[in-house]
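Residue numbers (our numbering): 19 to 175.
Cβ atoms here follow ideal geometry from the backbone N, Cα and C, with glycine treated the same way.
A short worksheet on the structure shown next.
This is the structure in structure tokens:
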């Protein structure tokens, strides 16, 4: 496998260290990716997403969803099981897990549902008004109108 040196990225940019660190983590070979529980990430609209985790054997009370510092953390811990059951074969894993998803800026969790052994987490990207593109009106009134726009821009910033 090819290795990438991200040192030039660190030397020539300011403020992108989180992106470089994330790329470094993704490209490193020594990070073992957990495979339990299986999950899907779907894009449901232009700015809407859904994460679906297969959580068979867990109730809604066994599951926990937390958002902390642009990270979505899903954990599950199975309650005490009665000793009365005797399994001949146990193929449904109900072991505790923690699954982390890194969220981009301005992505927030809007809801979650648990049905038919699936945990669905709804996400929405909400771009603030200040970051949305805006149309600047071009005036034909001369220099005074341009100075007016400059003053308004300074007041906003």
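Could you check what DSSP says for residue i in three-state terms: helix, strand or coil?
i: residue 63; result: strand
i: residue 72; result: strand
i: residue 78; result: helix
i: residue 157; result: coil
Between which two residues does the beta strand (DSSP E) carrying residue i extend?
i: residue 129; result: 125 to 133
i: residue 93; result: 89 to 94
i: residue 120; result: 115 to 120
i: residue 152; result: That residue, residue 152, is in no beta strand (DSSP E); it is neither H nor E in DSSP.
i: residue 139; result: 136 to 143
When the Cα atoms are used, what is the spatial distance from residue i to residue j?
i: residue 126; j: residue 97; result: 29 Å
i: residue 135; j: residue 120; result: 24 Å
i: residue 68; j: residue 152; result: 29 Å
i: residue 79; j: residue 59; result: 23 Å
i: residue 90; j: residue 141; result: 10 Å
i: residue 146; j: residue 75; result: 40 Å
i: residue 73; j: residue 149; result: 37 Å
i: residue 87; j: residue 102; result: 43 Å
i: residue 107; j: residue 133; result: 25 Å
i: residue 39; j: residue 130; result: 29 Å
i: residue 23; j: residue 117; result: 28 Å
i: residue 137; j: residue 85; result: 16 Å
i: residue 92; j: residue 158; result: 56 Å
i: residue 53; j: residue 104; result: 27 Å
i: residue 155; j: residue 124; result: 28 Å
Shortest alpha-carbon distance to residue i belongs to which of the options?
i: residue 94; options: 108, 55, 105 and 69; result: 55
i: residue 114; options: 87, 37 and 82; result: 82
i: residue 41; options: 137, 25 and 124; result: 25
i: residue 63; options: 118, 154, 143 and 157; result: 143
i: residue 128; options: 61, 57, 37 and 66; result: 66
i: residue 37; options: 122, 154, 61 and 155; result: 122
i: residue 139; options: 109, 70 and 110; result: 70
Would you say residue i lies against chain C (beta-carbon separation less than 8 Å)?
i: residue 118; result: Going by chain labels, chain C is absent from the structure shown, which holds only one protein chain.
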